[in-house]
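Engineer: Provided herewith is a single structure, encoded as structure tokens, for subsequent inquiry.
Structural data, given as structure tokens:
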């Protein structure tokens, strides 16, 4: 195993907040690390070419880029893996800018957290089972390990898409055409028998093990956060972009959905000495996968009995609805709709129903008096329920009249990206500091009151 770690200075901007010399010396000692290098800007030439050259020259078979948000660097990541013949899962990003440098003003705290995030990224790529990966082309979907599965059928009951069916031997088998890779089945499986192509419990467990609590003062609680990649993690990124600080006690792992967090990961983290665990997702009725947040909340309640047997306070585990997100839901422009109802037929979430609309006609009586009379339209029109819509855009594509618009994805903005025209992006106004900073301050104080995790003191 030959891991290469490339730490981006972001054109020197991050050196004010992070001690790169300390990071380099510590990373060199990590298991499997064969090469460590500081680069100026990972996303701009000639850095990608230089990284590729080092991969070939040093024989690196796993790569960690310590840089900005994975949402900004994911395109470069895929290209880097493809150019060097690496599976995309063997190249990982450690977010040391939005998650460290821009939110923690104390340089020492930001540096220690950055070191943990890099170690966690190295641990994840180390845990990737290259023999496990499917090499032939196909539709990525959940995979059930029949050697572990006891056919309890919980995945069939909890899958929000109804993607699971039973094979001839009675084992659950996901339908690739229905599976959304949300990971809710991974989080619910009591025997940890299910995994996703980019989310395996073994890899997450390796990341948790990589957190070095020896470097953190005993009086400071160590908090592990599982953040949903659709709502919670982008909200944490936003705090970084807007330079809104919060306590440096938090170490974040990005997950497909809050419902993908298996409670075995929580108990493992606590048994390793982690003082508190946060599972962060969206609010009720806002989950992209319908019920991920409600399922994980009920699982946390069920976990309390297990924690009591472990002599661990249940208050150490919390679910956090991180932000009131603005969902990417579709809407119908009634003046363009011809009532063909194709959208209703293709919607996979049954979010579109038929309703009769009211049109209004005004009658004038003199100069200052008007009577507005509602008239029932003779043409029933479809209505999109925003609580059921998941913003997949299938209805917008199917609409021949072009009457359906998906919020955040206007035709004009998409066309401007295609031909390079200058067009102002659709950006949401700042939401202020949100709930995470205040929640963390209060949560850290609660954990200090409870005291250190007994397993941490051993």
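In the UniProt record's numbering, the protein residues as written are 1 to 458. Cβ coordinates follow ideal geometry from the N, Cα and C atoms, glycine included.
Comparing C-alpha positions only, which one of 120, 74, 50 and 348 sits nearest to residue 469?
Structural biologist: Because the chain is modelled from 1 through 458, residue 469 falls outside the range shown and cannot be assessed.
Engineer: For the alpha helix (DSSP H) that contains residue 312, what are its first and last residues?
Structural biologist: Here residue 312 refers to the residue found at position 312 of the chain shown. Careful: residue 312 lies outside any alpha helix (DSSP H) and carries neither H nor E.
Engineer: Assign residue 62 to one of three DSSP states: helix, strand, or coil.
Structural biologist: Residue 62 sits at position 62 when you count from the first residue of the chain shown. Three-state result, residue 62: strand.
Engineer: Taking contact to mean at least 3 C-beta pairs separated by less than 8 angstroms, is the region 76-87 in contact with the region 56-67?
Structural biologist: yes
Engineer: Pick from 455, 238, 186 and 161: whose alpha carbon is nearest that of residue 269?
Structural biologist: By 1-based counting over the chain shown, the position of residue 269 is 269. Nearest option by C-alpha distance: 455.
Engineer: Does DSSP put residue 199 in a helix, in a strand, or in coil?
Structural biologist: Reading the chain shown from its first residue, position 199 is the one you call residue 199. Correct three-state label for residue 199: strand.
Engineer: Which complete alpha helix (DSSP H) runs does the UniProt domain "4Fe-4S ferredoxin-type" (170-199) hold, if anything under 4 residues is left out?
Structural biologist: Runs of the alpha helix (DSSP H) lying entirely within the UniProt domain "4Fe-4S ferredoxin-type" (170-199) and spanning at least 4 residues, in chain order: 184-188.
Engineer: Please identify the residue among 278, 288 and 309 whose C-alpha is closest to the C-alpha of residue 493.
Structural biologist: Because the chain in this structure spans residues 1 to 458, residue 493 falls outside the shown range and cannot be described.
Engineer: Beta-carbon within less than 7 angstroms of residue 151's beta-carbon, same chain only, minus the 5 sequence neighbours each way: which residues are those?
Structural biologist: Residue mapping note: residue 151 aligns to position 151 of the chain shown, counting from 1. So the qualifying residues of the chain are 170 and 171.
Engineer: Mind checking whether residue 140 and residue 48 have CB atoms under 8 angstroms apart?
Structural biologist: Position 140 of the chain shown holds residue 140. Position 48 of the chain shown holds residue 48. No; because the gap between Cβ atoms is not below 8 angstroms, this pair is not in contact.
Engineer: What residues in its chain sit with their C-beta under 6 angstroms from that of residue 288, if we drop five residues either side in the sequence?
Structural biologist: The residue given as residue 288 occupies position 288 in the chain shown. Cβ within range, chain order: 230 and 390.
Engineer: Classify residue 29 as buried or exposed, calling it buried when 16 or more other Cβ atoms lie within 10 Å of its own Cβ.
Structural biologist: For the purposes of this step, residue 29 is taken as the residue at position 29 of the chain shown. Counting Cβ neighbours within 10 Å, residue 29 comes out exposed, since fewer than 16 surround it.
Engineer: Under the rule that 16 or more other beta-carbon atoms within 10 Å means buried, what is residue 58, buried or exposed?
Structural biologist: Here residue 58 refers to the residue found at position 58 of the chain shown. Counting Cβ neighbours within 10 Å, residue 58 comes out exposed, since fewer than 16 surround it.
Engineer: May I have the straight-line CA-CA distance separating residue 104 from residue 292, to the nearest angstrom?
Structural biologist: In the chain shown, the residue the question calls residue 104 occupies position 104. In the chain shown, the residue the question calls residue 292 occupies position 292. One C-alpha to the other measures close to 30 angstroms.
Engineer: Let me know the secondary structure DSSP gives residue 209 once reduced to three states.
Structural biologist: Along the chain shown, read from residue 1 onward, the residue named residue 209 stands at position 209. In the structure shown, residue 209 sits in a helix (DSSP, three-state: H, G or I).
Engineer: Which class does residue 145 belong to by DSSP, given the choice of helix, strand or coil?
Structural biologist: Walking along the chain shown from the start, residue 145 turns up at place 145. Coil, per DSSP.
Engineer: Please determine, among 263, 216 and 220, the residue with the shortest C-alpha to C-alpha distance to residue 190.
Structural biologist: Counting from 1 along the chain shown, the entry for residue 190 is found at position 190. Nearest C-alpha to residue 190: 263.
Engineer: With a threshold of 16 other CB atoms inside 10 Å of the CB of residue 276, please say whether the residue is buried or exposed.
Structural biologist: The residue labelled residue 276 in the question sits at position 276 within the chain shown. It is buried - the Cβ of residue 276 has at least 16 other Cβ atoms within 10 Å.
Engineer: Mapping DSSP to helix, strand and coil, what is residue 303?
Structural biologist: Translated into positions along the chain shown, residue 303 becomes position 303. Reduced to three states, the DSSP call for residue 303 is helix.
Engineer: Answer yes or no: do residue 330 and residue 282 have a C-beta to C-beta separation smaller than 8 angstroms?
Structural biologist: Indexing the chain shown from 1 puts residue 330 at position 330. Indexing the chain shown from 1 puts residue 282 at position 282. Inclusion of residue 330 and residue 282 in the CB contact set at 8 angstroms is not warranted, their separation being larger than that value.
Engineer: How would you label residue 364, buried or exposed, when you count the other beta carbons within 10 angstroms and need 16 or more for buried?
Structural biologist: Within the chain shown, numbered from 1, the residue matching residue 364 stands at position 364. At residue 364 the pLDDT is 49, less than 50, meaning the model places this residue with poor confidence and gives no usable figure here.
Engineer: Applying the criterion that 16 or more other CB atoms from any shown protein chain within 10 Å of the CB defines a buried residue, is residue 12 buried or exposed?
Structural biologist: Taking the first residue of the chain shown as 1, we reach residue 12 at position 12. Exposed is the call here.
Engineer: Taking the C-alpha atoms as reference points, what is the distance between residue 318 and residue 40?
Structural biologist: Within the chain shown, numbered from 1, the residue matching residue 318 stands at position 318. Within the chain shown, numbered from 1, the residue matching residue 40 stands at position 40. Using only the alpha carbons, I get a separation of about 39 angstroms.
Engineer: Determine which residues share a DSSP beta bridge with residue 35 and list them.
Structural biologist: As a first step, residue 35 must be located in the chain shown, where it is residue number 35. Beta-bridge partners of residue 35 (DSSP): 4.
Engineer: Hey, residue 72 and residue 125: beta-carbon distance below 8 angstroms or not?
Structural biologist: Stepping through the chain shown from its first residue, residue 72 is reached at position 72. Stepping through the chain shown from its first residue, residue 125 is reached at position 125. Going by C-beta atoms, residue 72 is not nearer than 8 angstroms to residue 125.
Engineer: Nearest-angstrom Cα distance between residue 337 and residue 161?
Structural biologist: Taking the first residue of the chain shown as position 1, residue 337 is located at position 337. Taking the first residue of the chain shown as position 1, residue 161 is located at position 161. One C-alpha to the other measures close to 28 angstroms.
Engineer: DSSP on residue 281, reduced to helix/strand/coil?
Structural biologist: Your numbering for residue 281 matches position 281 in the chain shown. It is a strand residue.
Engineer: Since residue 121 is in the alpha helix (DSSP H), which residue starts that stretch and which ends it?
Structural biologist: Numbered from its first residue, the chain shown carries residue 121 at position 121. It spans 107-127 - the alpha helix (DSSP H) in which residue 121 sits, taken as one unbroken run.
Engineer: With a CB to CB cut of under 7 angstroms and the five nearest residues on each side skipped, what residues in its chain are close to residue 351?
Structural biologist: What you label residue 351 is simply residue 351 of the chain shown in a count that begins at 1. Once the five neighbours on either side are set aside, the close Cβ partners of residue 351 are 384, 385, 388 and 389.
Engineer: Alpha carbons only, please: which of 248, 301, 396 and 401 is nearest the one belonging to residue 462?
Structural biologist: A question about residue 462 goes unanswered here, because the residues of the chain that appear run from 1 up to 458.
Engineer: Go ahead and pull the three-state DSSP assignment for residue 512.
Structural biologist: Nothing in the structure corresponds to residue 512, since the chain is present only between 1 and 458.
Engineer: Here's a check: name, in chain order, each residue in its chain whose Cβ is nearer than 6 angstroms to the Cβ of residue 76, leaving out the five neighbours to either side.
Structural biologist: Position 76 of the chain shown holds residue 76. Result list for residue 76: 43, in chain order.
Engineer: Suppose the cutoff is 6 angstroms on Cβ atoms and the five residues either side in sequence are ignored; what does the same chain contact list for residue 6 look like?
Structural biologist: Along the chain shown, one-based indexing puts residue 6 at 6. Contacts found: 37, 39, 51 and 65.
Engineer: Which same chain residues end up closer than 6 angstroms to residue 194 when comparing Cβ atoms and leaving out the 5 residues on each side of it in sequence?
Structural biologist: Within the chain shown, residue 194 is the residue found at index 194, counting from 1. Same-chain partners within the cutoff: 142, 144, 185 and 186.
Engineer: What residue does the alpha helix (DSSP H) around residue 269 start on, and which one ends it?
Structural biologist: Within the chain shown, the letter at position 269 stands for residue 269. First-last of the alpha helix (DSSP H) with residue 269: 263-271.
Engineer: Should residue 146 be labelled buried (16 or more other beta-carbon atoms within 10 Å of its own) or exposed?
Structural biologist: If you number the chain shown from 1, residue 146 lands on position 146. It counts as exposed.
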